[in-house]
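Participant: Here's a structure for you.
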Amino acid sequence: MEIIGSQRKPVHIDVVPTLPLYRSAPPLEVRLEDFELYAMDRLRVLKGIADGLSRGKKSEEMKNLADHLWKANMRHLDASEVVNKDIISHFVLRLVYSRTEDLRKWFLSMETNLFRYRLLFERPEAQRALMAEFDLPYRAASNAELESVKEGLKQVAQSFGQPLAADVIFYKVPFEEVPELVAGRRVFIHKGYAYVAMNQVVSLVATQFRSHLSKALILTNRKWTSTIREQEKDRLTPIVEALCSSYLGPDYSQPREFAEISIKDIDQIAKSSFPLCMRHLFEKLREDHHLKHGGRMQLGLFLKGVGLKLEDALAFWKAEFSQRVGSERFDKEYAYSIRHNYGREGKRTDYTPYSCQKIITSAPGVGDHHGCPYRHFSEENLRAALGKMGLSNRAVEDVMDKVRNRHYQLACTLTFEAVHGTSCDAGINHPNQYFSDSQKVLQSKNQSTV
Amino acid sequence: MTKEEIENGTADMEIDQREPLNGERSELNAVPDDFNANYLKVYYGKLFPHADIFKWMSYGNDGKHPGCDESYFGRREFSFTLDNDIYLRFQSFNSASKLENSIKEKCPFKVDIGPVYSVDPAKRHAYAQSGNNVFTPVEKELVFDIDMTDYDDVRYCCSGADVCLKCWTLMTIAIKVIDPALRDDFGFNHILWVYSGRRGVHCWVCDAKARRLTNEQRSSIAEYFRVYKGNENSQKKVSLISSALHPFLLRSYKVLEEFFEGNLLSNQSLFSTEERYEKILEMIPDESITSELRGKWQDNKKSSISKENINVDRWKHVKKILKSGKQKVSKHMNHLLKAPFCIHPKTGRVCVPIDPNRCEEFDPTAVPTLSKLLEEINMGGLGTDDDEWDRTSLGKSIRFFRSSFLQPLLKSCKEEIENSYNAKLQHSKTSLTW
Chain A
725 MEIIGSQRKP VHIDVVPTLP LYRSAPPLEV RLEDFELYAM DRLRVLKGIA DGLSRGKKSE
785 EMKNLADHLW KANMRHLDAS EVVNKDIISH FVLRLVYSRT EDLRKWFLSM ETNLFRYRLL
845 FERPEAQRAL MAEFDLPYRA ASNAELESVK EGLKQVAQSF GQPLAADVIF YKVPFEEVPE
905 LVAGRRVFIH KGYAYVAMNQ VVSLVATQFR SHLSKALILT NRKWTSTIRE QEKDRLTPIV
965 EALCSSYLGP DYSQPREFAE ISIKDIDQIA KSSFPLCMRH LFEKLREDHH LKHGGRMQLG
1025 LFLKGVGLKL EDALAFWKAE FSQRVGSERF DKEYAYSIRH NYGREGKRTD YTPYSCQKII
1085 TSAPGVGDHH GCPYRHFSEE NLRAALGKMG LSNRAVEDVM DKVRNRHYQL ACTLTFEAVH
1145 GTSCDAGINH PNQYFSDSQK VLQSKNQSTV
Chain B
704 MTKEEIENGT ADMEIDQREP LNGERSELNA VPDDFNANYL KVYYGKLFPH ADIFKWMSYG
764 NDGKHPGCDE SYFGRREFSF TLDNDIYLRF QSFNSASKLE NSIKEKCPFK VDIGPVYSVD
824 PAKRHAYAQS GNNVFTPVEK ELVFDIDMTD YDDVRYCCSG ADVCLKCWTL MTIAIKVIDP
884 ALRDDFGFNH ILWVYSGRRG VHCWVCDAKA RRLTNEQRSS IAEYFRVYKG NENSQKKVSL
944 ISSALHPFLL RSYKVLEEFF EGNLLSNQSL FSTEERYEKI LEMIPDESIT SELRGKWQDN
1004 KKSSISKENI NVDRWKHVKK ILKSGKQKVS KHMNHLLKAP FCIHPKTGRV CVPIDPNRCE
1064 EFDPTAVPTL SKLLEEINMG GLGTDDDEWD RTSLGKSIRF FRSSFLQPLL KSCKEEIENS
1124 YNAKLQHSKT SLTW
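Spelled out as structure tokens, the structure:
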């Protein structure tokens, strides 16, 4: 795979009807920008799958989720480029995720799951064609063999409520090849061979896929450490190293067309639609008429992302701070930094509101109220805060369970779900996302009650 | 048990052995019931089948065929538990005599067998430097470790460490369920069942295919045998909805039915008290069934099964007694299990093989003990050293081990070595042509 600069040469590749198996890096040329963007799109899919699995979604739901994620993220304007994007993004992520044991494990798991779900969505002919690509020690069981094990096959089929169809193809496979099917007693096994129905073959194929990818990742890691990392230290290496920890959602830096909130309604909206971190900051601000720098940044940028215009923001902060430090001091010491956040001062960078990742890794000190409550609050305080948000005891326990396992964003997601009474499939990874999702839910509720 | 690893040997031990008088059978020969280093010394000196264990663990790699792997036996880990709970891991030997001498010298209270590693365990530190997991298990028998305490809530004749013929039936059932599954379903042939010495059985599956199973594959076999799919903390609810069972469950039920009606019911009086049947009712998720049963049992306090109850009863008991979830298949290759023919320190009994085809005849209370064997030696008088074991109660067990397990295993191993050697030759011949 060749990475080239901005100039682009069109590459013609036969449209492959089956899923790519990523056996070897294809001879494609990739633009540097696409190198990163394609990988990020694919990463969204993988992280979405990881999220779904950690929420305990069942197989059918996961299949649909994976399909949805794939269609949402892996499209391309140019139809012939879709396959390229698939392949390129996979190989880029291989570089990223081959570098440590943990990364490899995660990537292996998610890619195998993705492959499995995509395979399940394929038509039977495509599935069969794909099987031919694998070096599987299976063969279709002969009629004579099937006769001898017919009773067993029937019993197994009945045991999970699917009566045996008349002319189902069965593959005779060594039982070691299909551990999942054996474990679940989903196959009849006899003398060391499992009789796998056509529709169970996906399991076989996924195992092979996984094993191949596992070996490939080790090789990739070797190549990376021995040559690529050094060679590419000015070009690809920084991208690769940043990719696995990057925040992938929208950055909320573009203010909305219209202000989502007006100062008049802000108290009400804070109660209904702010995530806990911002609600806490907001309440402390109302209480103390002051916030330290970290809090001003976190809340201030959040409000900007929500659509609060500069003039309104100045008015809002001034109304609070002047109760504590007086309006002259506000104008002198604090107004500047608010304007700075909006890109009207200094180097005129339009700062982007903080993502959950950034907030979670911040380090609030004495007198600070910023940070992520799920991470930074004591258990007692967090329970109290959740109670104030109206969560039932049961919901609080579920949230605390996530917190104990350090899944802070999942905890926030559960809170969202409890407060709004709906499910949040995408999971929360940005406070502004919480806000806009919340507003969506509330608006649709309003509409339905009208 | 605290384990402290030391690399050096232990001190020599003094032996005080009684000289047997010719043919005399008197209190002089009687050996008080005990388990100690002196007795063990005699046991390891005259009775423990060192050579057989070596042959087994070599799996045919005895150097007689060019295709043999001469390093194979030396890469096997053994561990010794010495007196005072001192635990020596990563013991390895590259010959039968080294193994035998080490056991005789160190006189371990327990010998465990671990996996075959990629390199000699004694050299593992040298390989750890390269940091690429070069020292790693490559082969290990598939083993099951079944303990009576896993069945404590269905046995009422004994509890804890005690075991008698009545509750041993549960072990018999376990063997009768697992053994056919291993042979018929999984196609394994070289299976050794061993009495664990106190209250359980071990099963060693020694086929080459079994030895090479990955951890994931071992887990899947464990799952296959597990009837309870819930976790330990959840109410052990199992679906009673489907009346069709996977052939494994069906076979298991049939075994159970045979025993249940014959044996277990009267032995264990499972329904006789309220406390006991409540425990059983807990197993059933369906409220309507449980309340109906409770009513019936309260009416007639005696243990009884009527024809109507049988349908429901059979379900509970298949599930309950086949609590194979706890039949611990070791899911990891680097697992150590006690070697057959060791002596259990708490009971003095020898870990003898069990014939799965006649497991219902096995009586754990009749297994020879260390002191009994020593007594038999004392009584034996003069004779060639080599055959001393044959004149004791251990003889039967060792002969059974050889004929039903070791010989067929070695035959199959040698065939395999020969075949793979010939295949390699064939392959290199064809690739040489140009």
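Listed in order, the protein sequences are those of chains A and B. Going by the numbering used here, the first sequence opens with residue 725, and the numbers climb by one from there. Going by the numbering used here, the second sequence opens with residue 704, and the numbers climb by one from there. By construction, the Cβ of each residue, glycine as well, lies at the ideal position given by its N, Cα and C atoms.
(1) List the DSSP bridge partners of histidine 792(A).
(2) Drop a sphere of 10 angstroms on the beta-carbon of glutamate 901(A), count the other beta-carbons inside from all chains shown, and report buried for 16 or more, exposed for fewer.
(3) Straight-line CA distance for arginine 1048(A) to serine 1102(A)?
(4) Figure out for me which residue from Ile893(A), His1064(A), Val964(A) and Val911(A) has the closest Cα to the Cα of alanine 881(A).
(5) Exposed or buried, which one is arginine 921(B) when buried takes at least 16 other CB atoms within 10 Å?
(6) Can you tell me which of the three DSSP states glutamate 857(A) falls into?
(7) Cβ closer than 7 Å: which chain B residues qualify as neighbours of histidine 1017(A)?
(8) In angstroms with no decimal places, state the Cα-to-Cα distance between valine 925(A) and glutamine 1129(B).
(9) Could you say if the segment 774-783 of chain A and the segment 753-760 of chain A meet the contact criterion of at least three C-beta pairs nearer than 8 Å?
(10) For histidine 936(A), which residues in chain B fall below 9 Å Cβ to Cβ?
(11) Between leucine 868(B) and proline 1067(B), what straight-line distance do the alpha-carbon atoms span, to the nearest angstrom?
(12) Would the segment 1090-1097 of chain A count as touching the segment 1002-1014 of chain A if we require 3 or more Cβ pairs under 8 Å?
(13) What do you reckon, are the CB atoms on isoleucine 1080(B) and valine 814(B) nearer than 8 Å?
(14) Classify arginine 1099(A): buried if its beta carbon has 16 or more other beta carbons within 10 angstroms, exposed otherwise.
(15) Would you kindly work out how many angstroms separate the C-alpha atoms of isoleucine 812(A) and asparagine 788(A), rounded to a whole number?
(16) Buried or exposed, going by whether 16 or more other CB atoms sit within 10 Å of the CB of serine 798(B)?
(17) Strictly below 9 Å CB to CB, what residues from chain A border isoleucine 924(B)?
(18) Confirm, please, whether the CB-CB distance from serine 795(B) to proline 824(B) is below 8 Å.
(19) Tell whether a beta-carbon distance below 8 Å holds between glycine 1048(B) and phenylalanine 812(B).
(20) Given this structure, state the Cα-to-Cα distance separating lysine 939(A) from asparagine 1117(A), to the nearest angstrom.
(21) Any beta carbon from chain B within less than 8 Å of serine 822(A)'s own beta carbon?
(22) For chain A, is any of its Cβ atoms less than 8 Å away from the one on aspartate 882(B)?
(23) Suppose contacts are defined by Cβ-Cβ distances below 8 Å. Is alanine 733(B) in contact with glutamate 844(B) by that definition?
(24) Using 8 Å for Cβ pairs, my map puts tryptophan 896(B) next to valine 908(B). What's the rounded Cβ distance?
(25) Quick one: using the 10 Å Cβ neighbour count with 16 as the cut-off for buried, is histidine 1154(A) buried or exposed?
(26) Using DSSP's beta-bridge definition, name the partner residues of isoleucine 1057(B).
(27) Using the Cβ count rule (16 or more neighbours within 10 Å means buried), how would you classify proline 962(A)?
(28) Which parts of the segment 759-842 of chain B are runs of the alpha helix (DSSP H), unbroken and 4 residues or longer, counting only runs that do not cross its ends?
(29) What number of angstroms, rounded off, separates the C-alpha of lysine 874(A) from the C-alpha of methionine 834(A)?
(30) With burial defined as no fewer than 16 other Cβ atoms inside 10 Å of the residue's Cβ, what is the status of tyrosine 898(B): buried or exposed?
(31) Relative to the alpha-carbon of aspartate 848(B), which residue among Val822(B), Ile878(B) and Tyr830(B) has its alpha-carbon at the smallest distance?
(32) Which residues in chain A sit within 7 Å of glutamine 920(B), going by Cβ to Cβ distance?
(33) Taking 8 Å as the CB-CB cut-off, is tyrosine 927(B) touching chain A?
(34) Please go through the same chain and pick out, in chain order, the residues whose beta-carbon is closer than 7 Å to the beta-carbon of tyrosine 747(B), but skip the five residues on each side of it.
(35) Does the Cβ-Cβ distance between aspartate 850(B) and arginine 902(B) come in under 8 Å?
Facilitator: The short version:
(1) In the first sequence, residue 792(A) corresponds to position 68, counting from 1. Answer is none; histidine 792(A) lacks a bridge partner.
(2) Mapped onto the first sequence, residue 901(A) falls at position 177. Result: buried.
(3) The residue you call residue 1048(A) lines up with position 324 of the first sequence. The residue you call residue 1102(A) lines up with position 378 of the first sequence. So the two alpha carbons sit approximately 28 Å from each other.
(4) Translated into the one-based positions of the first sequence, residue 881(A) becomes position 157. Distance check between alanine 881(A) and each of Ile893(A), His1064(A), Val964(A) and Val911(A) places Val911(A) closest, using alpha-carbon atoms only.
(5) Sequence index remark: in the second sequence, residue 921(B) carries index 218 (1-based). That one is buried.
(6) Here residue 857(A) refers to the residue found at position 133 of the first sequence. Looking at glutamate 857(A) - three-state DSSP - the assignment turns out to be helix.
(7) In the first sequence, residue 1017(A) corresponds to position 293, counting from 1. Going along chain B, no residue has its Cβ under 7 Å from histidine 1017(A), so there is no contact; the nearest lies around 45 Å.
(8) As a working mapping, residue 925(A) is identified with position 201 in the first sequence. As a working mapping, residue 1129(B) is identified with position 426 in the second sequence. Whole-angstrom Cα-Cα distance: 34 Å.
(9) no
(10) Position 212 of the first sequence, counted from the start, is the residue given in the question as residue 936(A). None at all; the shortest Cβ gap to chain B is about 15 Å.
(11) For the purposes of this step, residue 868(B) is identified with residue 165 of the second sequence, where counting begins at 1. For the purposes of this step, residue 1067(B) is identified with residue 364 of the second sequence, where counting begins at 1. If you take the alpha carbons of leucine 868(B) and proline 1067(B), they lie about 7 Å apart.
(12) yes
(13) If you number the second sequence from 1, residue 1080(B) lands on position 377. If you number the second sequence from 1, residue 814(B) lands on position 111. No, the Cβ-Cβ distance between isoleucine 1080(B) and valine 814(B) is not below 8 Å.
(14) Stepping through the first sequence from its first residue, residue 1099(A) is reached at position 375. Buried: at least 16 other Cβ atoms inside 10 Å.
(15) As a first step, residue 812(A) is located in the first sequence; it is residue number 88 there, counting from the start. As a first step, residue 788(A) is located in the first sequence; it is residue number 64 there, counting from the start. Each residue's alpha carbon lies about 24 Å from the other.
(16) Here residue 798(B) corresponds to residue number 95 of the second sequence, with the count starting at 1. By the 10 Å Cβ count, serine 798(B) comes out exposed.
(17) Taking the first residue of the second sequence as position 1, residue 924(B) is located at position 221. Neighbours of isoleucine 924(B) on chain A, chain order: Phe899, Pro903, Val906 and Ala907.
(18) Translated into the one-based positions of the second sequence, residue 824(B) becomes position 121. Translated into the one-based positions of the second sequence, residue 795(B) becomes position 92. The Cβ atoms of proline 824(B) and serine 795(B) sit closer than 8 Å to each other.
(19) By 1-based counting over the second sequence, the position of residue 1048(B) is 345. By 1-based counting over the second sequence, the position of residue 812(B) is 109. In the sequence as displayed, the identity of residue 1048(B) is proline instead of glycine. A contact, by the Cβ cut-off of 8 Å.
(20) Indexing the first sequence from 1 puts residue 939(A) at position 215. Indexing the first sequence from 1 puts residue 1117(A) at position 393. Going from the Cα of lysine 939(A) to the Cα of asparagine 1117(A) covers about 47 Å.
(21) Along the first sequence, one-based indexing puts residue 822(A) at 98. By this cut-off, serine 822(A) is not an interface position.
(22) Numbered from its first residue, the second sequence carries residue 882(B) at position 179. Proximity of aspartate 882(B) to chain A, defined by a Cβ-Cβ separation below 8 Å, is not satisfied.
(23) Position 30 of the second sequence, counted from the first residue, corresponds to residue 733(B). Position 141 of the second sequence, counted from the first residue, corresponds to residue 844(B). Taking 8 Å as the Cβ cut-off, alanine 733(B) and glutamate 844(B) do not qualify as a contacting pair.
(24) In the second sequence, counting from the first residue as 1, residue 896(B) sits at position 193. In the second sequence, counting from the first residue as 1, residue 908(B) sits at position 205. About 10 Å; that fails the 8 Å criterion.
(25) The residue given as residue 1154(A) occupies position 430 in the first sequence. Histidine 1154(A) comes out buried.
(26) Here residue 1057(B) corresponds to residue number 354 of the second sequence, with the count starting at 1. BP columns for isoleucine 1057(B) point to Trp896(B).
(27) Here the question's residue 962(A) lines up with position 238 in the first sequence. Result: exposed.
(28) DSSP runs (the alpha helix (DSSP H)) wholly in the segment 759-842 of chain B: 799-809 and 827-831.
(29) For the purposes of this step, residue 874(A) is taken as residue 150 along the first sequence, with counting starting at 1. For the purposes of this step, residue 834(A) is taken as residue 110 along the first sequence, with counting starting at 1. If I take the Cα positions, the gap works out to 37 Å.
(30) By one-based count along the second sequence, residue 898(B) stands at place 195. Burial call: buried.
(31) Working through the second sequence from its first residue, we reach residue 848(B) at position 145. Looking at the Cα atoms, Ile878(B) is the closest of the given residues.
(32) As a position in the second sequence, residue 920(B) is number 217, starting the count at 1. Chain A residues near glutamine 920(B): Glu900 and Pro903.
(33) Along the second sequence, read from residue 1 onward, the residue named residue 927(B) stands at position 224. By this cut-off, tyrosine 927(B) is an interface position.
(34) Residue 747(B) sits at position 44 when you count from the first residue of the second sequence. Correct list, in chain order: Ile806, Lys807 and Cys810.
(35) Within the second sequence, numbered from 1, the residue matching residue 850(B) stands at position 147. Within the second sequence, numbered from 1, the residue matching residue 902(B) stands at position 199. Closer than 8 Å, so yes.
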